[in-house]
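Below is one structure, written out as structure tokens; the observations come after it.
In the numbering used here, the protein residues as written are 30 to 198.
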């Protein structure tokens, strides 16, 4: 699930500004820390369990849905960017490639036994229930968090206004 949120955040940053302007600017590449094995180096038995986990947990499907939503929102806010750009971008944002790259991270943190246990959980009634409820839970949590943040923001603004008014000459 954290993987999906990171994907969403990364892609929102990617497409939130003007993509055409971003493409025109040369950006230096950042050095990457070689901490996880490449997807090609992942043990085949472990790779199979990782693929299975991504499938049974819905990660693969959700990545595609999130990409479509983000690109749809970016299209709506960047109306001067040609449709051809968005179509080409979506073609290039191949989730299978991302999943293959992500496999190395899963391999770094999970043993084959961990992956088998996770797969068993997601295939269990409790795991299936969690997967069914999770989107609603996330949506309601986001709404709750937005309302909470709004209320805290209003309270802080009122406190600051009272402080300012009490210090006025």
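Just so it is clear, CB atoms sit at the ideal spot from N, CA and C, and this is done for glycine as well. Quantities reported herein were computed from a predicted structural model and do not represent experimental measurements.
message = Within the continuous alpha helix (DSSP H) that includes residue 129, where are the two ends?
response = Counting from 1 along the chain shown, the entry for residue 129 is found at position 100. Start and end: 124 to 138.
request  = Give the secondary structure of residue 197 by DSSP, where H, G and I count as helix, E and B as strand, and everything else as coil.
outcome  = As a working note, residue 197 is residue 168 in the chain shown. Of the three classes helix, strand and coil, the one that applies to residue 197 here is coil, per DSSP.
ask   = Between which two residues does the alpha helix (DSSP H) containing residue 148 stretch?
value = Here residue 148 corresponds to residue number 119 of the chain shown, with the count starting at 1. Unbroken alpha helix (DSSP H) run through residue 148: 141 to 152.
query = If you draw a straight line from the C-alpha of residue 129 to the C-alpha of residue 92, how long is it?
reply = Counting from one through the chain shown, the residue named residue 129 turns up at place 100. Counting from one through the chain shown, the residue named residue 92 turns up at place 63. Rounded to whole angstroms, residue 129 to residue 92 spans 13 angstroms at the Cα level.
task = Go ahead and label residue 86 buried or exposed: buried means 16 or more other beta carbons lie within 10 angstroms of its beta carbon, across all protein chains shown.
result = The residue you call residue 86 lines up with position 57 of the chain shown. Label assigned to residue 86: buried.
task = Check residue 106 in the structure and name its three-state DSSP category.
result = By one-based count along the chain shown, residue 106 stands at place 77. Residue 106 falls in the helix class under three-state DSSP.
inquiry  = Taking the alpha-carbon of residue 81 as reference, which of 105, 106, 135 and 112 has the nearest alpha-carbon?
reply    = For the purposes of this step, residue 81 is taken as the residue at position 52 of the chain shown. That would be 135, whose Cα lies nearest to the Cα of residue 81.
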